[in-house]
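Each remark here refers to the structure printed beneath this line.
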Amino acid sequence: MTHPRHQLDAVIHNPTRFSIMAALLPADRVEFKFVRDAVEVTDSVLSQHMTALEQVGYVKITKGQVGRRPRTWLSATPAGRAAFHAHLAILNQLANWSPGAEQGGAST
Numbered sequence: 010m011t012h013p014r015h016q017l018d019a020v021i022h023n024p025t026r027f028s029i030m031a032a033l034l035p036a037d038r039v040e041f042k043f044v045r046d047a048v049e050v051t052d053s054v055l056s057q058h059m060t061a062l063e064q065v066g067y068v069k070i071t072k073g074q075v076g077r078r079p080r081t082w083l084s085a086t087p088a089g090r091a092a093f094h095a096h097l098a099i100l101n102q103l104a105n106w107s108p109g110a111e112q113g114g115a116s117t
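In terms of our numbering, the sequence shown is numbered consecutively and its last residue is 117.
Structure representation (structure tokens):
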């Protein structure tokens, strides 16, 4: 058996992208500015990470207007939600992982 870390999602594992996904999960869609402020990054940093997440299908970016002001909304896709939950499961597995447990325990 391989080490559980090999199952981690490299896209989500980045701390900023992990934080973005965590901010998106509780809602259907979230305004760009809210995520930027919650994750404490600049507009350009958030845009770069959102592009990476969108390219793999984990988020959907929707642009529109409220009155005359442009707005951008972000939402986690079903694939993104599944990937995030799978990533969390692996992190939990790692937190409880014991070397040698696959072979019946560590040798002395």
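Idealized CB from N, CA, C, for every residue including glycine. Note that the structure is predicted; figures quoted are calculated from it, not measured.
Here the C-alpha atom of Gly73 lies approximately 17 Å from the C-alpha atom of Glu63. With a 10 Å radius around the Cβ and a threshold of 16 neighbouring Cβ atoms, Val20 comes out buried. Pairing Ala98 with Asp18 gives a Cβ-Cβ distance that is not under 8 Å. When secondary structure is reduced to three states using DSSP, Ser107 falls in the coil class, being assigned neither helix nor strand.
Excluding its 5 nearest sequence neighbours in each direction, Leu103 has C-beta neighbours in its own chain below 7 Å: Pro13, Arg14, listed in chain order.
When the beta-carbon positions are compared, Val48 and Ile29 come within less than 8 Å of each other. Lys69 is bridged by DSSP to Ser84.
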